[in-house]
Amino acid sequence: GNSSPSISTINKWAAEFQRGHSSIFDDERSGRPKTSTTEEIIEKIHSLKAMEIHSETVNVLGKSASSKTMVCKWALKFQRGRTSIEDDPRSGRPKSASIPEIIEQIHVIVSEDPSVTTREIAHTI
Numbered sequence: 011g012n013s014s015p016s017i018s019t020i021n022k023w024a025a026e027f028q029r030g031h032s033s034i035f036d037d038e039r040s041g042r043p044k045t046s047t048t049e050e051i052i053e054k055i056h057s058l059k060a061m062e063i064h065s066e067t068v069n070v071l072g073k074s075a076s077s078k079t080m081v082c083k084w085a086l087k088f089q090r091g092r093t094s095i096e097d098d099p100r101s102g103r104p105k106s107a108s109i110p111e112i113i114e115q116i117h118v119i120v121s122e123d124p125s126v127t128t129r130e131i132a133h134t135i
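So the number in the working numbering is just where the residue sits in the sequence shown, counting from 1, plus 10.
Shown next as structure tokens:
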């Protein structure tokens, strides 16, 4: 497989370095924090029917609620013993390339020539 970052990833990194960031890693984001799953919540989920869950989420979230199909899928996963809503690890390309050597190369290239294009960076790496 190709371990080189995509053009869009390089664009993002170049922009971040030009703004003075010294790392390609995402900053902490605000918003709803991740929640832990307790035994009480798991028992509650197991006792509810998928349609009840969907109805409640629609009452709370309106049009932002998950589809009936998605709720049924997750309800079945919990009934089969799943205890987390976090995604399982997947094979294939990672969300972003974070190979230290590539990160360092990009940082050096952008530091030496702030006007370098992302296409030039991609071809250099």
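C-beta atoms are modelled at their ideal positions from N, C-alpha and C, and glycine is treated no differently.
Counting C-beta pairs with one atom in each stretch, the segment 26 to 34 and the segment 108 to 125 have three or more that are closer than 8 Å, which means they touch. Unbroken alpha helix (DSSP H) stretches of 4 residues or longer found wholly inside the segment 58 to 112: 60 to 71, 78 to 89, given in chain order.
CA-to-CA, the gap between S57 and V70 works out to about 19 Å.
The straight-line gap separating the alpha-carbon atoms of I131 and S74 is approximately 39 Å. When the five nearest sequence neighbours on each side are left out, the beta carbons in the same chain lying within less than 8 Å of the beta carbon of T67 are those of A75, S76, V81, in order along the chain. For I135, there is no enclosing alpha helix (DSSP H), since its DSSP letter is neither H nor E.
For T19, the enclosing alpha helix (DSSP H) covers residues 17 to 28.
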